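Here the structure comes first, spelled out in structure tokens, and everything after it is commentary.
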Amino acid sequence: MNAQHYQLLLRSFDAELSTVEQTQLQTALEQDAQLRAEQQYLQQLRQQLGQQQFQFGADFADQVLQKIGNTTRTYQTADYITQLFPPIAISAAAAILLLIGFAYYQEGNISLRTLAGIILDDQTILMYYGS
Amino acid sequence: MLFFLFASMTQPTDRQLIDETLAGNQRAFAHLVARHSPQVATTIISMLGKGMAADDVGQEVFIRLYRSLPNFRHESSLSTYLTRIAINLCLNELKRRRLQQQRFRFLSFSNNSNDTDETPSDLQIPDLNQNYAEQLADQELLHKALQNLDDNLKAVVVLRLVEGYSTQETADLLHIPLGTVLSRLARAQTKLRQLLHSEQ
């Protein structure tokens, strides 16, 4: 079988051949029995491929909906946490500012020691450092 | 309520089902899944073979559809949109499998290394067997042969010959030139012919 004719035959199923190519293929098909058999084979092959059909399991749609439900719930939880963050952050910042203000009011200055609530009078300093 | 009354009288269109889904009606989406799952299953199982992976990819296709429904513009039909998602997920899955095989140094018996888009000039077509009609009628055998094609050839065959898309639509779905689709189709048919012959 002529390889060029076989290629023309393959192309003829999916692309439009030029007039010259069509004539060439037609003549080849008339003269070559093997090429005619190939044409029939390929037609059947393509027909059988077109009949391939498959299905998912019976409860496929339910599984899809269940998965969508699960992912939606996860998104909702994440959204809820995201929404909760600003009020919590603002409250925490306000509490910290209040504590700093209170420490300043009590001690008259702001240092790590006053913020931590450590009150060091002269007696305590003497006890710890000895001078 | 009105939707189901309407649905009982006539088949709702995809657009109506999408609108109902967006309005919060989960049963409308279940209807869409039931309507399109056979076509999606055929695409995916033709690409990946039967098994758990095919079901998982199928579910992922519809989950992605559900998430993208608010942005769906109806520029292409829903079935084409689903095919696009399905074929991309299948190609990703096949790539993942191939990488996994390479990682464990397993031998792949498909000719991935010869995957070029050139049309073969030296054809080795075995003689037709007398019983080829019976052989072609064996859908399992055909499915098995399809599984042994290279990924790129398989994608073209599934879209063009199994799903029945035109060559231009196949090219658009795979983002490849029309000429590449034609040469891959020619190579795929020759390869299928050889694979089926070797099964005799």
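Residue numbers (this note's numbering), protein chains in the order written: chain A, 1 to 131; chain B, 1001 to 1200. Where a beta carbon is used, it is the ideal one built from N, C-alpha and C, also for glycine. All figures in this text were calculated on a predicted structure; none of them were measured in a lab.
Straight-line gap, residue i to residue j (C-alpha atoms, nearest Å)
i, j, result
"Arg1187/B", "Phe13/A", "13 angstroms"
"Gly69/A", "Thr82/A", "20 angstroms"
"Met1047/B", "Ala1030/B", "24 angstroms"
"Arg1096/B", "Leu112/A", "55 angstroms"
"Gln40/A", "Leu8/A", "14 angstroms"
"Arg1098/B", "Cys1090/B", "12 angstroms"
"Asn1148/B", "Gly1024/B", "43 angstroms"
"Tyr105/A", "Pro1070/B", "56 angstroms"
"Leu97/A", "Ser91/A", "10 angstroms"
"Gln1100/B", "Asn1092/B", "12 angstroms"
"Met1052/B", "Gln63/A", "13 angstroms"
"Ala15/A", "Leu25/A", "13 angstroms"
"Leu1017/B", "Asp79/A", "27 angstroms"
"Thr77/A", "Ala95/A", "27 angstroms"
"Gln1102/B", "Leu1192/B", "25 angstroms"
"Asp1019/B", "Thr1010/B", "16 angstroms"
"Lys1144/B", "Lys1154/B", "12 angstroms"
"Val1162/B", "Pro87/A", "57 angstroms"
"Arg1073/B", "Gln48/A", "35 angstroms"
"Val1057/B", "His1197/B", "31 angstroms"
"Leu17/A", "Asn1088/B", "31 angstroms"
"Tyr128/A", "Gly108/A", "23 angstroms"
"Arg1015/B", "Ser1068/B", "14 angstroms"
"Ala1028/B", "Pro1177/B", "37 angstroms"
"Gly117/A", "Thr71/A", "47 angstroms"
"Gln22/A", "Asp1150/B", "30 angstroms"
"Glu1169/B", "Arg11/A", "17 angstroms"
"Asp1122/B", "Arg1084/B", "With a pLDDT of only 49 at Asp1122/B, under 50, the local geometry of the prediction cannot be trusted, and the value read off the model is given with reservation. Answer to the nearest angstrom: the Cα atoms are 34 angstroms apart."
Residue burial classification, residue i (beta-carbon count within 10 angstroms, cutoff 16)
i, result
"Asn1152/B", "buried"
"Pro1012/B", "buried"
"Val20/A", "exposed"
"Ser1113/B", "Any reading at Ser1113/B must be qualified, since the residue scores a pLDDT of 48, below 50, and its modelled position is unreliable; no value is offered."
"Tyr1066/B", "buried"
"Glu1075/B", "exposed"
"Leu1174/B", "buried"
"Lys1050/B", "exposed"
"Phe1104/B", "exposed"
"Phe54/A", "buried"
"Asp122/A", "exposed"
"Ala1171/B", "buried"
"Ala1086/B", "buried"
"Arg1160/B", "buried"
"Ala89/A", "exposed"
"Ala93/A", "exposed"
Whether residue i touches residue j by CB criterion (8 angstroms)
i, j, result
"Lys67/A", "Gln1059/B", "yes"
"Leu1094/B", "Val1061/B", "no"
"Gln52/A", "Leu1136/B", "no"
"Ala28/A", "His5/A", "yes"
"Ser1079/B", "Gln1039/B", "yes"
"Leu1146/B", "Thr1167/B", "no"
"Ser1037/B", "Phe56/A", "yes"
"Arg1184/B", "Val1156/B", "yes"
"Gln1189/B", "Leu45/A", "yes"
"Gln1026/B", "Leu42/A", "no"
"Ile100/A", "Ile110/A", "yes"
"Met1/A", "Gln31/A", "no"
"Gly1179/B", "Gly50/A", "no"
"Leu1032/B", "Thr1021/B", "yes"
Presumed contact (8 angstroms Cβ cut-off) between residue i and residue j, rounded CB distance
i, j, result
"Ala58/A", "Ala1034/B", "Not really, about 11 angstroms apart at Cβ, beyond 8 angstroms."
"Ala1054/B", "Ile1063/B", "Going by Cβ atoms, the distance from Ala1054/B to Ile1063/B rounds to 15 angstroms, so no, they are not a contact pair."
"Leu115/A", "Ala103/A", "6 angstroms"
Any non-hydrogen atom of the ligand GDP within 7 angstroms of residue i CB
i, result
"His1031/B", "This structure simply doesn't include the ligand GDP, nor any ligand for that matter."
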